[in-house]
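Visitor:
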Amino acid sequence: MADCIFCRIAAGELATPLIHQGEDFVAFRDIAPQAPTHIIVIPRQHITSLADLTDPDLSGRLLQAVRETAQREALEDNGYRVLINIGQHGGQTVQHLHFHILGGRQLGWPPG
Ligand code: 5GP
Ligand code: ZN
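Per our numbering, the very first residue in the sequence shown carries number 11; after that it's consecutive.
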């Protein structure tokens, strides 16, 4: 989608460095990190939110991409958090499905 910021990042139209990528995903650092490591993983394909992710194979590949990305960032030993905000109550601000990977500090619970 031309007016979607994450589609533009996936297409290489912005100067956002990709820290990992595959056939159907890209990973990059969040512009406003909420933890020492804060990475966004997205499908290359424009999917608005988890509510629209109906392909079980793509779902599995995306989850593996998240795991691989966390492993590359050496987050496994101390642990990390993966979260997806969905819609208004979920606090989703970019309408292109994305996984947040947060790590590098002790995270609190519950979220606000
Ligand atoms: P949401 O609130 O939709 O779950 O998360 C969107 C995330 O995308 C936010 O954490 C925000 O900081 C990040 N973000 C928004 N625009 C950009 C951008 O242009 N570049 C990068 N790297 N991150 C962005
Ligand atoms: Zn998009």
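We put the beta carbon where it would ideally sit given N, CA and C, even for glycine.
1. Quick one: Cα of residue 68 to Cα of residue 34, how far?
2. Leaving out the 5 sequence neighbours to the left and right, which residues in its chain are closer than 6 Å to residue 91 when beta-carbon positions are compared?
3. Rounded to the nearest angstrom, what separates residue 98 and residue 76 at their Cα positions?
4. Are there any heavy atoms of the ligand 5GP lying less than 8 Å away from the beta-carbon of residue 62, as far as the coordinates show?
5. Answer yes if the stretch 42-50 comes into contact with the stretch 70-85, meaning at least three C-beta pairs across the two stretches below 8 Å, and no otherwise.
6. Between residue 108 and residue 17, which are expected to be in contact by the criterion C-beta below 8 Å, what is the C-beta distance as a whole number of angstroms?
7. Tell me, please, which residues DSSP counts as bridged to residue 47.
8. Taking 8 Å as the cut-off, is the beta-carbon of residue 16 closer than that to any non-hydrogen atom of the ligand ZN?
9. With distance defined between alpha-carbon atoms, name the residue in 70, 54, 80, 110 nearest to residue 94.
10. Quick check: is any heavy atom of the ligand ZN less than 8 Å from the C-beta of residue 3?
11. Mind checking whether the beta-carbon of residue 22 lies closer than 8 Å to any heavy atom of the ligand 5GP?
Guide: Taking the geometry as given:
1. Here residue 68 refers to the residue found at position 58 of the sequence shown. Here residue 34 refers to the residue found at position 24 of the sequence shown. Those two C-alpha atoms are separated by around 8 Å.
2. Along the sequence shown, read from residue 1 onward, the residue named residue 91 stands at position 81. Result list for residue 91: 112, 117, in chain order.
3. Here residue 98 refers to the residue found at position 88 when the sequence shown is read from its first residue. Here residue 76 refers to the residue found at position 66 when the sequence shown is read from its first residue. Between residue 98 and residue 76, the C-alpha separation is close to 23 Å.
4. Within the sequence shown, residue 62 is the residue found at index 52, counting from 1. For the ligand 5GP, not one heavy atom lies less than 8 Å from the Cβ of residue 62.
5. yes
6. By one-based count along the sequence shown, residue 108 stands at place 98. By one-based count along the sequence shown, residue 17 stands at place 7. In fact, because the Cβ distance is near 11 Å, the residues do not count as touching under 8 Å.
7. The sequence position of residue 47 within the sequence shown is 37, counting from 1. Paired residues: 113.
8. For the purposes of this step, residue 16 is identified with residue 6 of the sequence shown, where counting begins at 1. Taken from the Cβ of residue 16, at least one heavy atom of the ligand ZN lies inside 8 Å.
9. As a first step, residue 94 must be located in the sequence shown, where it is residue number 84. For residue 94, the closest C-alpha among the options 70, 54, 80, 110 is that of 110.
10. Outside the displayed range of the chain (11 to 122) lies residue 3, so it cannot be described from this structure.
11. Locating residue 22 in the sequence shown gives position 12, where the first residue counts as 1. No.
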